[in-house]
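**Q** Residue numbers (the numbering used here): 71 to 223.
What follows is the structure in structure tokens.
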């Protein structure tokens with residue numbers, strides 16, 4: 071019995087949607103005669119070529135009128151162009167090398183090499199002004215200021 075109720079509801083929804091569509095089309099066609107008189111519309115000759123279609127009819131689902139391009143374009147002042155701001159200072163890339171990734175429980179560590187010596191630094195710590203954001207399998211992401219660096223093995 072549930073299937074019959076669902077089918078009945080779906081048929082009702084389909085009937086309502088199609089009635090709205092037909093109502094909008096009929097309303098647009100009824101208003102077309104009034105709009106023709108206001109806009110000074112002249113009917114075009116019938117298309118006799120069998121493989122063409124006329125597309126000069128109004129869209130019944132378009133609420134507002136589209137503006138027709140007049141072909142005239144306003145001149146743009148040279149001062150109105152957008153020039154992106156250049157960064158004042160870009161940080162130098164890290165002087166250390168990424169050598170590996172370690173885990174102890176849920177805490178992640180990064181193995182770094184700088185000047186021949188190796189250090190183990192935790193994710194989130196800061197070294198030489200670079201904060202370690204995350205470490206993946208073969209890479210680590212560092213941030214200094216707003217600059218991001220990805221070091222790979």
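Note that beta-carbon positions come from the ideal geometry of N, C-alpha and C, so glycine has one too.
If you reduce the DSSP assignment to three classes, tell me which class residue 224 lands in.
**A** Limits of the chain in this structure are 71 at one end and 223 at the other, which puts residue 224 out of reach.
**Q** Run through DSSP, which three-state label would residue 192 get?
**A** If DSSP states are grouped into helix, strand and coil, residue 192 belongs with the strands.
**Q** Since residue 190 contacts residue 179 with CB under 8 Å, what's their CB separation in whole angstroms?
**A** About 5 Å; that satisfies the 8 Å criterion.
**Q** Under the DSSP definition of a beta bridge, which residues are partnered with residue 90?
**A** In DSSP, residue 90 forms no bridge with anything.
**Q** Can you find the residues in the same chain that come closer than 7 Å, C-beta to C-beta, to residue 208, ignoring five residues on each side of it along the sequence?
**A** So the list reads 222 and 223, once near-sequence residues are dropped.
**Q** Would you call the CB atoms of residue 201 and residue 220 closer than 8 Å?
**A** No.
**Q** Can you round the beta-carbon distance between residue 131 and residue 94 to whole angstroms, since I take them to be within the 8 Å contact cut?
**A** So it is a contact: roughly 6 Å between Cβ atoms.
**Q** CB-CB under 8 Å to residue 192, same chain, minus the five flanking residues each way: which ones, in chain order?
**A** Cβ neighbours of residue 192 beyond the five flanking positions: 177, 178, 179, 180 and 202.
**Q** In the structure shown, what three-state DSSP assignment does residue 125 receive?
**A** If DSSP states are grouped into helix, strand and coil, residue 125 belongs with coil.
**Q** From this set, 185, 210 and 183, which residue's C-alpha is nearest residue 194's C-alpha?
**A** Nearest option by C-alpha distance: 210.
**Q** Shortest alpha-carbon distance to residue 97 belongs to which of 172, 129, 183 and 217?
**A** Among 172, 129, 183 and 217, the Cα nearest to that of residue 97 is on 129.
**Q** Does any residue of chain B have a CB that is nearer than 8 Å to the CB of residue 81?
**A** This model lacks chain B altogether, as it is built from one protein chain only.
**Q** Going by beta carbon distance, what residues of the same chain come within less than 7 Å of residue 184, once the five residues before and after it are set aside?
**A** Closer than 7 Å at Cβ, skipping near neighbours: 165 and 166.
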